[in-house]
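**Student:** Just add 18 to wherever you are in the sequence shown, counting from 1, and you've got this note's numbering.
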Amino acid sequence: MGKLTMNTSSSHTMSSPAGAAPVPPTWLFVLLAAGVLVWPLVEAAKNILCLLLVLGSSWRYGRYWHLRSWGAQQWLIVVTLVVLGLASFLYPPAARGEWLDYFRYFAVFWVVLTLPWTERQIRILWLVLGASLVVGLADAVWQYFYLGQRRFFPELHAVGHVHPSSMYIGTAAVALATASFVLSGKQRWFLMTGALACWFSLLFGEGRGNFVGGLAAILVCMVLGYHHYRRQVAVALLLLVATIALAVASNARIVQKKASLEARGDFFNGRITIWKDAYAIWRSAPLLGVGPGEMGKVSASRLSTMRQAVGLPETEAERGRQRAKEAHNLYLTRLASHGIVGFALLLAWLGVWAAELWKWRPRTGTSLYQRALWSGSAGAFTITVVIGTVNPTLHHGHALLAMLLYALWLNQKDSQAAGDAAALPS
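Listed below in structure tokens is the structure:
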């Protein structure tokens, strides 16, 4: 029996004795698992482990990365990095570092997509992800409630502010909950406990949009991924109803915040003004934008002129306001930072992701293992596009986790295709 050839694209893995890529050595898997463990915990270790993972994978598997085997995602990665890299030379020096972040996200995606990981290794990664969130949330509780060293809850140490932390937590919650359907015994209870800890941290946290995005992700996964599994759907829906009722009954922070903002007549918490600013800044440099992080550096007088030019003059209440560094919106942030070129590349990436999810959505014969992988990817996608309307997703820690879950599913989905084909009537 030949070894599995390397899955260098998002399409096929085949059995072949010639030119076969070996299963990743233990040390390479340990680098990946250690990275997943520290992503929400230690910033410096996160960067070092990502670098070692990419270097080690390139050394051991670079010869298998043939151009003819690339999938749509890999071509998009190359085009995006080249285009944004060239465009960065037109931005101020301080704005050029963002390109390295894109490279890190895409490099992790590429490595996870193309190496022939085993099912056992992926099951271990689920447990590692659960452990990282349990430790990260315990630290967040300790820092906020006992030491008073955090302004908001929940904030993961190496992810940052409450919004990116909540995106990370919500994405992990969906992946852990659906993975728990695959495992058994203590492992199942451990992942379910981790998922519940994530979910309740969002319930009692500060982000309304993050909570809604998590709800949307769970509903998408249940409706499209588990509609044949009534018990799983019933458990998920019961959990959603119970947590919403608990939030209302306990007057949770998200409920208080909603009522407070509605009383002030500012449901979007100042975002409308920020979106107007971002739109005006984009219109001043429509093709390539002004560069990442440069939105908050536009002078007040220049911004006022930009707003006037696009027919959105500042109101008296908006004058002298505190400026935002980004647009609190994935799409407007990309437009202001990278213009229509960067926005088109973002839409292309999301479009390919959505098309793959829809085409390979679970069928009657799809295993629980494949449903969990698909749900992890679908949950990451849903949170990206839904929460992206009120906060910039696909950034820092959330981007790493989303790319991991997307790539894991693509890496393993050939066995889903085989199972679906076997389930078809002959």
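The beta-carbon is built from N, C-alpha and C at its ideal position, and this holds for glycine as well. Note that the structure is a prediction, hence the values are computed from the model and not measured.
Please classify GLU280 as buried or exposed, where buried requires at least 16 neighbouring CB atoms within 10 angstroms.
**Tutor:** exposed
**Student:** How far does the alpha helix (DSSP H) with ASN228 in it extend, from its first residue to its last?
**Tutor:** 226-238
**Student:** State the Cα-Cα distance for the pair ASN409 and VAL200, rounded to the nearest angstrom.
**Tutor:** Rounded to the nearest whole angstrom, the CA to CA distance from ASN409 to VAL200 is 32 Å.
**Student:** Is the region 243-260 in contact with the region 314-322, if contact means three or more CB pairs nearer than 8 Å?
**Tutor:** no
**Student:** Can you find the residues in the same chain that come closer than 7 Å, C-beta to C-beta, to LYS294, ignoring five residues on each side of it along the sequence?
**Tutor:** ARG325 and LEU330
**Student:** For GLY148 and LEU209, which I take to be in contact (beta-carbon distance under 8 Å), what is that distance rounded to the nearest angstrom?
**Tutor:** Indeed, because the Cβ distance is near 5 Å, the residues count as touching under 8 Å.
**Student:** Rounded to whole angstroms, what is the Cα-Cα separation between TRP207 and ALA195?
**Tutor:** 10 Å
**Student:** Which residues in the same chain have their Cβ closer than 6 Å to the Cβ of ALA296, if we skip the five residues on either side of it in sequence?
**Tutor:** Apart from the 5 residues on each side of it in sequence, ALA296 sits with its Cβ closer than 6 Å to the Cβ of ALA345, LEU350 and ALA354 in its chain, given in chain order.
**Student:** Which of the three DSSP states, helix, strand or coil, is assigned to PHE47?
**Tutor:** helix
**Student:** Expressed to the nearest angstrom, what Euclidean distance is found between the alpha-carbon atoms of ALA215 and ASN347?
**Tutor:** 27 Å
**Student:** Since LEU55 and SER150 should fall inside the 8 Å C-beta cutoff, what is the C-beta to C-beta distance between them, to a whole number of angstroms?
**Tutor:** With 8 Å as the limit, LEU55 and SER150 qualify as a contact, their Cβ atoms being about 5 Å apart.
**Student:** Scan the region 265-322 and note each continuous alpha helix (DSSP H) run of 4 residues or more that stays entirely inside, going in chain order.
**Tutor:** 271-282 and 289-302
**Student:** Which residues in the same chain have their Cβ closer than 7 Å to the Cβ of THR136, if we skip the five residues on either side of it in sequence?
**Tutor:** VAL41
**Student:** Which term fits ALA362, buried or exposed, when burial requires 16 or more other beta carbons within 10 angstroms of its beta carbon?
**Tutor:** exposed
**Student:** Quick one: grab the DSSP three-state call for HIS356.
**Tutor:** Note: HIS356 maps to helix in three-state DSSP.
**Student:** Quick one: Cα of ILE292 to Cα of ARG81, how far?
**Tutor:** 47 Å
**Student:** Count the other CB atoms within 10 Å of the CB of LYS64; is the residue buried (16 or more) or exposed (fewer)?
**Tutor:** buried
**Student:** Please report the Cβ distance between ARG282 and GLU224, rounded to the nearest whole angstrom; I am assuming they are in contact, meaning their Cβ atoms lie under 8 Å.
**Tutor:** Rounded, the Cβ-Cβ distance is 16 Å, inconsistent with contact.
**Student:** Count the CB pairs spanning the region 72-87 and the region 172-185 that are closer than 8 Å, and state whether there are at least three.
**Tutor:** Between the region 72-87 and the region 172-185 there are fewer than three C-beta pairs closer than 8 Å, too few to call the two in contact.
**Student:** Could you give the first and the last residue of the continuous alpha helix (DSSP H) run that contains TYR387?
**Tutor:** 386-405
**Student:** DSSP state of TRP135, grouped into three classes?
**Tutor:** Per DSSP, reduced to three states, the secondary structure at TRP135 is coil, with no helix or strand assignment.
**Student:** With DSSP run on the structure shown, which of helix, strand or coil describes LYS343?
**Tutor:** coil
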